[in-house]
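Chemist: Residue numbers (our numbering): 4 to 142.
The beta carbon of each residue, even a glycine, is placed where N, CA and C say it ideally should be.
Once you've had a glance at the structure underneath, I'll fire off some questions.
Following this line, the structure appears as structure tokens:
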């Protein structure tokens, strides 16, 4: 869950499946403006004392990390099956705050977390392969 820096909108993304929701703030009440489902979740429901959904290993993972600026939403997108234990990606999908896909960026390094500069000129990615790695990508 990320708030646009100017405070006017919020974005929610899911890592368990490819969901992106954009909400506007009307006072203190959020209103759904846009929903994008890149994939549908594959799960089985469990019954009993606790109700829960168990995701199938064939379920396709969604956004591993999300970063925002006043102009864009950057989603680090997996697209890999849950059973493959993929924790990082090289694909960043960029949306505007109306939900329109602006572009797709392919990074030269796989990362698990991203953050963007306030002016959309730089994207930073983090990866841990036994040591912490921070990469800078010029947009």
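1) What separation, rounded to the nearest whole angstrom, lies between the Cα atoms of residue 71 and residue 10?
2) Where in the region 58-119 do unbroken runs of the beta strand (DSSP E), each at least 3 residues long, occur, reported from the N-terminal end onward?
3) With a floor of 3 residues, list each beta strand (DSSP E) that falls wholly inside the region 6-35, ordered by position along the chain.
4) Within 10 angstroms of the Cβ of residue 125, are there 16 or more other Cβ atoms? Answer buried if so, exposed if not.
5) Between residue 26 and residue 78, which are expected to be in contact by the criterion C-beta below 8 Å, what is the C-beta distance as a whole number of angstroms?
6) Shortest alpha-carbon distance to residue 123 belongs to which of 115, 91, 99?
7) Taking only three categories from DSSP, how would you classify residue 39?
8) Is residue 135 near the ligand PLP, with its Cβ less than 6 Å from a heavy atom?
9) Of the choices 104, 73, 67, 132, whose alpha-carbon is the least far from that of residue 7?
10) Around the C-beta of residue 109, are 16 or more other C-beta atoms found within 10 angstroms, so that it is buried, or is it exposed?
11) Using CA atoms only, rank isn't needed, just tell me which of 40, 13, 41 is closest to residue 29.
12) Could you tell me which of 66, 129, 85 sits nearest to residue 18, measuring between CA atoms?
13) Roughly how many whole angstroms lie between the Cα atoms of residue 60 and residue 83?
14) Do residue 68 and residue 4 have their CB atoms nearer than 7 Å?
Modeler: For this structure:
1) Near 11 Å, if we compare the C-alpha coordinates of residue 10 and residue 71.
2) Under the rule that a run must span 3 or more residues, the beta strand (DSSP E) segments found entirely inside the region 58-119 read 66-71, 75-80, 92-99, 104-114, 116-119.
3) Secondary structure within the region 6-35: the beta strand (DSSP E) runs of 3 or more consecutive residues, fully enclosed, are 12-16, 22-29 (chain order).
4) Exposed, since its Cβ has fewer than 16 Cβ neighbours within 10 Å.
5) With a beta-carbon spacing of about 16 Å, residue 26 and residue 78 fall beyond the 8 Å limit used to define contacts.
6) Closest by alpha carbon: 99.
7) Strand.
8) In the structure shown, the ligand PLP is absent, as is every other ligand, since no ligand is present at all.
9) For the set 104, 73, 67, 132, the Cα lying nearest the Cα of residue 7 is the one of 73.
10) Per the 10 Å Cβ criterion, exposed.
11) Ranking the options by Cα distance to residue 29, first place goes to 13.
12) Of the candidates 66, 129, 85, the residue whose Cα lies closest to the Cα of residue 18 is 66.
13) Straight through space, the alpha carbons of residue 83 and residue 60 are spaced by roughly 10 Å.
14) No.
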